[in-house]
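Accompanying notes for the structure given below.
In full-length UniProt numbering, the protein residues as written are 1 to 158.
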């Protein structure tokens with residue numbers, strides 16, 4: 001029992017903030033977040049460019065090209081990633097730069113992606129240099145080289 005509950009288990013009416021989110025709170029937060037570019041407010045230039053890119057991908061029956069969204073917190077980068085996935089009817093996978101300590105961490109994520117899946121990497125600037133290099137290779141050549149072993153006996157597996 002936490003401090004926000006009475007002894008009978010009911011919420012304390014005097015407690016405004018509780019340590020866990022209510023189901024109603026989660027639903028309200030989801031309802032506030034736009035799900036289409038038409039609903040997205042602000043950043044009209046970015047929204048227009050993304051819309052053009054997504055429309056071209058749909059017209060070609062292809063996946064959308066890579067996109068780099070940068071800027072300070074609160075501009076809607078995560079929301080735009082969710083919108084891209086929604087507009088392309090694709091699954092979305094989210095990770096963060098600090099969670100990827102080694103190139104192998106990124107290789108595991110990338111190898112688990114399904115075709116067409118949107119991968120949003122938040123705080124990419126905090127990712128390790130070897131993981132960055134692997135990401136560049138994956139984005140440019142659509143492949144990942146995994147090195148097994150160290151020194152002269154190391155083997156690269158494409």
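Even glycine gets a Cβ: it sits at the ideal position worked out from N, Cα and C.
Grouping DSSP H, G and I as helix and E and B as strand, with all else coil, what is residue i?
| i | result |
| --- | --- |
| residue 126 | helix |
Just to confirm, are residue i and residue j a CB contact at a threshold of 8 Å?
| i | j | result |
| --- | --- | --- |
| residue 57 | residue 82 | no |
| residue 133 | residue 91 | no |
| residue 43 | residue 75 | yes |
| residue 135 | residue 113 | no |
| residue 94 | residue 122 | yes |
Just the C-alpha distance for residue i and residue j, rounded to the nearest angstrom, thanks.
| i | j | result |
| --- | --- | --- |
| residue 155 | residue 146 | 8 Å |
| residue 78 | residue 34 | 11 Å |
| residue 62 | residue 38 | 21 Å |
| residue 51 | residue 71 | 19 Å |
| residue 142 | residue 14 | 55 Å |
| residue 100 | residue 47 | 29 Å |
| residue 80 | residue 32 | 14 Å |
| residue 108 | residue 144 | 10 Å |
| residue 150 | residue 140 | 26 Å |
| residue 40 | residue 24 | 23 Å |
| residue 54 | residue 104 | 31 Å |
Which whole-angstrom value is the C-beta distance of residue i and residue j, which I expect to be below 8 Å?
| i | j | result |
| --- | --- | --- |
| residue 73 | residue 102 | Residue 73 to residue 102, Cβ: 26 Å. No contact. |
| residue 181 | residue 97 | Shown here, the chain extends from 1 to 158; a query on residue 181 therefore has no answer. |
| residue 110 | residue 85 | Not a contact, Cβ separation roughly 17 Å. |
Scan the UniProt domain "RuvB-like AAA+ ATPase" (32-157) and note each continuous beta strand (DSSP E) run of 3 residues or more that stays entirely inside, going in chain order. Complete beta strand (DSSP E) runs here, min 3: 92-96, 118-122, 146-148 and 155-157.
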